[in-house]
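In this note's numbering, the protein residues as written are -13 to 295.
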């Protein structure tokens, strides 16, 4: 801690104030190095990115604290195991540099003593770190987990620009190129499913090992990704493409919206099925969408009424 305090100022108050202003990644890196107690909560449905961050934090901590006592428990599988975590946290850290408790699905038990135990970590001066995870944002009773001085990060399902960026990084890392048609098909598939980052990593890895001619064609991509789109949705998209009556087209679009279909998913299905002039129009709207000039809903409405902006 001496070096960090020297750089940031000799007073503890100034040190902690400066830490609060740092970005999450830098902030957590400093805290994991700093000999103090803390709680970091990672939550959200994107289990792949969440677990990757968890492993990064553990690796970072181990690299700075060679002798570390670690407890790793999933409370959702063993509801009474919170007591084991409580006892682990209470035990003095003898012969080790620090103690780390990895608590998976931390909010699945709402016992008052469990909540008090977690709150005590924040106030403790011991060298204890709790890395907590939860599939959903913890309930109100656990609000202290995502407010200062505790730290938290959400891992929501990727969508829109963040989804495209993640795909692009994975493709670049494995030196895989997709044809525009294959990419649109892959995007539609992802928009229709959960666990998107995990699916991207798996599909791109398999595609890279398959030895396809690059850029990978739609047909080759379909041989990797087995996706059964509901016939009702496919029929609706075909009607948007082929029906000449504007009222009918608007009715189809409204029905898709009412049924809660992902508009980005519908747009990608349109791009996947479109041919000729329709394909050119979709491509033009796609450019406007990616440049931020149109939202998914605006692009679909513009295509439906046939007015290119």
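Even for Gly, the Cβ is constructed at its ideal location relative to N, Cα and C.
Report the residue from the options whose alpha carbon sits nearest the alpha carbon of residue i.
i	options	result
residue 153	219, 278, 124, 177	177
residue 137	251, 269, 255, 28	28
residue 66	52, 220, 91, 225	91
residue 258	273, 224, 275, 246	224
residue 240	230, 169, 290, 191	290
residue 38	183, 276, 212, 286	183
residue 234	276, 216, 287	287
residue 229	292, 211, 285	292
Between the beta-carbon of residue i and the beta-carbon of residue j, is there less than 9 Å?
i	j	result
residue 89	residue 119	yes
residue 108	residue 24	yes
residue 202	residue 165	yes
residue 85	residue 54	yes
residue 307	residue 171	With the chain represented from -13 up to 295, any question about residue 307 goes unanswered, as that position is not in the structure.
residue 61	residue 95	yes
residue 56	residue 44	yes
residue 206	residue 253	no
residue 131	residue 93	yes
residue 36	residue 128	no
residue 160	residue 197	no
Going straight from the alpha carbon of residue i to that of residue j, what length do you get?
i	j	result
residue 8	residue 82	Caution is warranted here: a pLDDT of 43 is assigned to residue 8, below 50, making its placement in the model unreliable, and the coordinate value is therefore given only provisionally. Cα to Cα, the separation comes out at about 29 Å.
residue 33	residue 232	43 Å
residue 13	residue 167	Its pLDDT being 46, under 50, residue 13 is placed unreliably by the model, and the measurement read from it follows with that caveat. When rounded, the distance between both Cα atoms is 41 Å.
residue 243	residue 46	45 Å
residue 30	residue 123	6 Å
residue 302	residue 222	The displayed coordinates of the chain run from -13 to 295. Any statement about residue 302 would go beyond what the structure contains.
residue 268	residue 146	17 Å
residue 246	residue 274	23 Å
residue 262	residue 271	15 Å
residue 105	residue 237	53 Å
residue 180	residue 101	30 Å
residue 144	residue 185	11 Å
residue 148	residue 278	13 Å
residue 52	residue 155	32 Å
residue 264	residue 256	9 Å
residue 169	residue 77	53 Å
residue 48	residue 151	30 Å
residue 276	residue 216	27 Å
residue 213	residue 248	16 Å
residue 72	residue 41	22 Å
residue 125	residue 192	38 Å
residue 266	residue 211	26 Å
Taking residue i and residue j to be in contact with their CB atoms under 8 Å, please state how far apart those CB atoms are, rounded to whole angstroms.
i	j	result
residue 187	residue 117	That pair is no contact at about 22 Å.
residue 250	residue 227	Not really, about 17 Å apart at Cβ, beyond 8 Å.
residue 219	residue 190	So it is not a contact: roughly 25 Å between Cβ atoms.
So what does residue i bridge to, in DSSP terms?
i	result
residue 84	54
residue 238	The partner list for residue 238 (beta bridge, DSSP) is empty, contrary to what the question assumes.
residue 43	Paired residue(s): none; residue 43 is not in a bridge.
residue 138	27
residue 60	90
residue 147	DSSP, once it has assigned bridges, lists no residue as partnering residue 147.
residue 118	27, 89
residue 202	164
Please report whether the beta-carbon of residue i lies at a distance below 9 Å from any beta-carbon of chain B.
i	result
residue 118	The chain inventory of the structure shown lacks chain B, comprising one protein chain alone.
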